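Numbering (the numbering used here) for the sequence shown: 85 to 763. Structure, as structure tokens:
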Amino acid sequence: MLYLIVGVQLQQYPENFAFEVSSRMLSLFGIKPFITKFIKQIDEQSVHYCSLIVPYRQLQPPRSGLIYSMNRHTTSIVDFDFTEDQTKAITLSDRIIIIDMGEVRTVLDINLPSLDEPYLNSTTLPETYTFDGKNEIKDARSSNDRNDEFKRHLFLVNSLHHFYLVLVNENIKFEHSSKVDYLTVEMLDNKRLLCVVAERNTNYVEYWNVVRNRLFDRLDFPKAKVKYVLCAQVYSMIIVVLQDGIIQFYSITDWTKSPFVHRSSIHAEIHLQLVAITGGVLIHTLNANIPIDFALIGLKQFHKTEQILSDKQVLKTLVAFDPPMGPKPIKNIILPDTDELTSWSYQCAASIHCTRLFFDDVTINECVIASNNLNSEIIYVLILTSNHWIVIYSAKSLNDEALYSLHLPSPARVHSTISENFYVLTCNGIVYSIAQQITSDNEFNFNQKVNSQLKIPCSMMLSSVVALNGLESLIVFADNGQSMAICTMERVIYIDVDVSPYTSSSSLKSITSEKTQNLLLLYFNNKTLISCQVKLDESNERGSLQLTPFDQADKFCLQNNCLATYNNGNIQLNLHNIRSCTCYEPIELDNECQYLCFNESATYVFALVKPRVLFMYRMADRRQMAKLFVYDFVLSMVADNDFLVLAMNDRRLLILMITDPDDPTLQARIQALPSRYVT
């Protein structure tokens, strides 16, 4: 069975053998004697060629429910989704099957109309409503069946030429067919069951109430054919992009009075390329003939007014990359989820503690964490939202009321410190310090300590936290890169910065630091990398800088005074110890590097190279300790001293335990893992 799942992959990447076996069979450790003995042998032997150990099973849903679901289908699965609690899997092939992942049983098995073409998508509609004017009334149906929730479901399924609204009893509530291909079949309002339908190479868009089998509205465009149709459910808005480059905006302002109302037209003309919606913002890219790379249009501006906005009245943010981004046109718009905050634990299992969702176009711009001063297991998370609020929650109870909140006058950046406090820097140069305090009732709260108005322009908010003479300090660079401010709880010190001997670029792109050190890395737009050691005199009133240039870099990471850099032109890792001024022999890579990170002590460096191959090297001798093919695209990578955590494209965390065959305590550490415990 295991070979059927991963056999082809192991032929190409034999280094993955230990990983694939452990990640899929660890749930049987201590239950099946043969598998228990097999995994023990893997733990003892595999570390000599792959020092990344799987701490617990990760690549299957609970109790093999996923494989069970696959086996229930007789044709290829084309759409796959989980319920919000991740306990039920909804899969589409030529039928819809819902599987209870915990009990490994079929909840529903729904036959669909037979077609001579495959189905493409399925939308699950869990609740139906009736409406009395503006008031919505949930349809009430009572049953003692524990799966009654699924018996209320409706499913909108579509192929290239057909779509249906299907009940769980397999009755067809609504059906529609097209002689040409469907361009769009999408729900605009799940409660009212309003579906947007557009056919390819036509000049109209229809809106159907699929539960009443009634045409709700139709928009005609006699001068041009429809290229894209997008739905913004939060504003009951439709955006129609025509092939002549005109973008039309429509919305429903009052469900009781009228269908769609025209809100605006924008003339992007033939230069228009890709279009997407995220968080109440329309994004569209432009071709190589235009110096602008893409434009952002907030949809809330249409919702706020009943007036029709002209092209000139519509607020647009135009973005051009400097230096210019790669060859145009842009091929894809990838939209991350920034309206969801989730806390995980990963030492014993990759499990979600809690999740908080943000609505009304509010997205998360940044977040930082800090521990409780008296109990390091209590974690606080500070988030900065798109509407300029900073909010602090307990990481294990994100759905509870905020512990602290503050509205800022402008965009900002946030930082946490080793002493578990927070700094907030706004683009107009105000620095806020937020510290933990113990009340008279021995409870913790957060209190704003001091505000400082900086005397340097810092709209770019280039800032980082360092330790100077035992003082935690926020370093802020001026926009021109020629001066910096050192902010402590007591004072602000200004220092001139002159990097002209080391780089021809005065455009500072980012700064990086370690919270426990007095070292900064300055990264410029021409890819120049300069280390900047900051020193204060004994009075802590005057400062000085020591600058050291490094080679140009496309990627770099800093940890414990160790620096790893990568340049696309050389395809190699360059390793440095900044404190001892040591430059090590470079490590040749097989392909382009995508991510770099050290573990906490900088004993090991990790590099993810194309195509999704993870390498681990030991700093002391540059020995390759591990090579592992990663099953999906990686979004970010971070490590402490014991674990490497990769955030994956499928919204899971991949956790790997960092080991070393020369560690005399290695086997004891492995046997101490909960997954290796035998009762």
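Cβ atoms here follow ideal geometry from the backbone N, Cα and C, with glycine treated the same way. Computed from a predicted model, the values in this text were never measured in an experiment.
For residue i, the residue or residues it bridges with in DSSP
i, result
"residue 735", "None; residue 735 has no bridge partner."
"residue 304", "288"
"residue 321", "316, 335"
"residue 351", "330"
"residue 363", "Paired residues: none, contrary to the question."
"residue 189", "184"
"residue 537", "514"
"residue 617", "603, 630"
"residue 568", "561, 579"
"residue 237", "Answer by DSSP bridge pairing: none, since residue 237 is not bridged."
"residue 440", "425"
"residue 281", "269, 290"
"residue 83", "Any question about residue 83 goes unanswered here, given that the chain covers just 85 to 763."
"residue 179", "195"
"residue 248", "241, 259"
"residue 298", "293"
"residue 122", "Answer by DSSP bridge pairing: none, since residue 122 is not bridged."
Residue i, buried or exposed, once every other Cβ within 10 Å from all chains shown has been counted against 16
i, result
"residue 440", "buried"
"residue 104", "buried"
"residue 391", "exposed"
"residue 510", "buried"
"residue 404", "exposed"
"residue 226", "In this predicted model, residue 226 has a pLDDT of only 41, less than 50, meaning its place in the structure is not dependable; the value taken from the coordinates is given anyway. Exposed, by the Cβ-count rule."
"residue 554", "exposed"
"residue 406", "exposed"
"residue 276", "buried"
"residue 467", "buried"
"residue 363", "buried"
"residue 184", "buried"
"residue 666", "exposed"
"residue 333", "buried"
"residue 130", "buried"
"residue 132", "exposed"
"residue 605", "buried"
"residue 198", "exposed"
Whole-angstrom C-beta distance between residue j and residue i, which should lie under 8 Å
i, j, result
"residue 196", "residue 178", "6 Å"
"residue 412", "residue 372", "4 Å"
"residue 506", "residue 551", "Wrong, their Cβ atoms sit about 16 Å apart, outside the cutoff."
"residue 518", "residue 533", "7 Å"
"residue 336", "residue 250", "Contact doesn't hold; Cβ gap of about 26 Å is too wide."
"residue 278", "residue 266", "Not a contact, Cβ separation roughly 17 Å."
"residue 136", "residue 738", "Incorrect: roughly 10 Å between the Cβ atoms, too far for contact."
"residue 741", "residue 726", "6 Å"
"residue 675", "residue 662", "No, residue 675 and residue 662 are not in contact; Cβ-Cβ is about 27 Å, not under 8 Å."
"residue 692", "residue 678", "5 Å"
"residue 322", "residue 272", "7 Å"
"residue 350", "residue 318", "At roughly 20 Å, the Cβ-Cβ gap does not stay under 8 Å, so residue 350 and residue 318 are not in contact."
"residue 547", "residue 499", "7 Å"
"residue 610", "residue 588", "7 Å"
"residue 562", "residue 541", "6 Å"
Separation of residue j from residue i, as counted between CA atoms
i, j, result
"residue 253", "residue 174", "16 Å"
"residue 460", "residue 452", "15 Å"
"residue 153", "residue 205", "Here the model assigns residue 153 a pLDDT of 48, short of 50, so the residue's position is not dependable and the matter cannot be decided."
"residue 527", "residue 456", "11 Å"
"residue 97", "residue 689", "21 Å"
"residue 150", "residue 735", "Confidence at residue 150 is low in this model, with a pLDDT of 44, below 50, so its placement is unreliable and no value can be given for it."
"residue 487", "residue 447", "19 Å"
"residue 669", "residue 706", "8 Å"
"residue 163", "residue 238", "16 Å"
"residue 586", "residue 633", "6 Å"
"residue 715", "residue 409", "28 Å"
"residue 758", "residue 114", "11 Å"
"residue 687", "residue 111", "31 Å"
"residue 755", "residue 697", "27 Å"
"residue 709", "residue 128", "15 Å"
"residue 494", "residue 641", "30 Å"
"residue 630", "residue 565", "15 Å"
"residue 215", "residue 248", "Summary for residue 215: the model assigns pLDDT 48, below 50, so the residue's position carries little reliability, and this model does not support an answer."
"residue 100", "residue 107", "10 Å"
"residue 262", "residue 285", "12 Å"
"residue 470", "residue 449", "6 Å"
is_contact[residue i, chain D] using C-beta, thresh 7 Å
i, result
"residue 481", "The structure shown has no chain D; it contains just one protein chain."
inquiry  = Which runs of the beta strand (DSSP E) at least 3 residues long sit entirely within the stretch 672-756? Give them in chain order.
reply    = Within the stretch 672-756, the complete beta strand (DSSP E) runs of at least 3 residues fall at 677-682, 688-693, 697-702, 707-713, 718-723, 727-732, 737-742.
inquiry  = My parser needs the alpha helix (DSSP H) runs of 4 or more residues fully inside the stretch 361-411; what are they?
reply    = Runs of the alpha helix (DSSP H) inside the stretch 361-411: 384-388.
ask   = Of all the beta strand (DSSP E) runs that stay within the bounds of the stretch 446-511, which reach a length of 3 or more residues?
value = 448-455, 463-469, 473-478, 488-491, 496-500, 506-510, all fully within the stretch 446-511.
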